[in-house]
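Asks: First residue of the sequence shown: 1, per this note's numbering; consecutive thereafter. Below is one structure. I have some questions about it.
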Amino acid sequence: MHCTRQSLLGSDPRNAPAIIVYIGIADPDKFKIALIDKEPQLVNELYGRLFATWTLLTCGLCLICARNPTNPAIYGATLLSFVVALAHFLTELLVFKTMSLKGAASPMVVAGLSVLWMGAGWNYYTYHVNHDELPAAAEA
């Protein structure tokens with residue numbers, strides 16, 4: 001069976017986390033083609049379940065952060081999860097050489113843009129929003 005990134009993630013990108021979790025548990029061999037394409041023998045069932053768990057954890061953090069972005073601990077934990085993901089894919093690409101640039105591109109773009117966007121918004125969400133609301137709340 002020929003598996004491309006399109007068939008791995010489906011046509012709707014909003015389904016990507018659920019599909020990746022399913023693949024990680026039910027069919028981790030698909031990661032050999034779409035992700036760990038230079039050293040596919042390293043992918044096993046444990047890798048698939050770990051990838052699924054990481055995806056669920058990151059999605060949970062994103063949902064919690066979206067609900068309450070002004071909490072510095074939540075915002076920082078979510079930002080850190082993207083930093084760790086970016087570092088992981090960079091080291092797999094450049095140090096361990098288990099991925100090609102094609103395999104690493106999608107997750108690195110998502111993690112990299114998330115780190116940049118969240119880093120740029122840190123002061124707005126964790127400082128300015130909290131401090132701007134304090135005087136109005138004190139008057140009420």
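A virtual CB, placed ideally from N, CA and C, is assigned to each residue, including glycine.
So the candidates are P17, T126, G119; which of them puts its Cα closest to the Cα of L141?
Replies: For residue 141 there is no data in the structure shown, the boundaries of the chain being 1 and 140.
Asks: Using the beta-carbon count (16 or more within 10 Å), is S114 buried or exposed?
Replies: The residue is buried, with at least 16 neighbouring Cβ atoms inside 10 Å.
Asks: For V43 and D27, which I take to be in contact (beta-carbon distance under 8 Å), what is that distance rounded to the nearest angstrom?
Replies: Actually they are not in contact, since the Cβ atoms of V43 and D27 sit about 11 Å apart, beyond 8 Å.
Asks: CA-CA distance, W122 and P69?
Replies: Spanning the two alpha carbons is a distance of roughly 9 Å.
Asks: What would DSSP say about R5, mapped onto helix, strand or coil?
Replies: Annotation note: pLDDT 43 at R5 (below 50); position unreliable, no value reported.
Asks: Specify, as a first and last residue, the run of the alpha helix (DSSP H) that K32 falls within.
Replies: Start and end: 30-34.
Asks: Between I33, Y47, P72, A16, which has its C-alpha nearest V129's C-alpha?
Replies: Nearest of I33, Y47, P72, A16 to V129, Cα basis: P72.
Asks: Note down the Cα distance separating G103 from A52, rounded to an integer number of angstroms.
Replies: About 17 Å.
Asks: Could I get the ranges of all uninterrupted alpha helix (DSSP H) runs contained in the segment 46-103, with 4 residues as the minimum, in chain order?
Replies: Whole alpha helix (DSSP H) segments, 4+ residues: 72-94.
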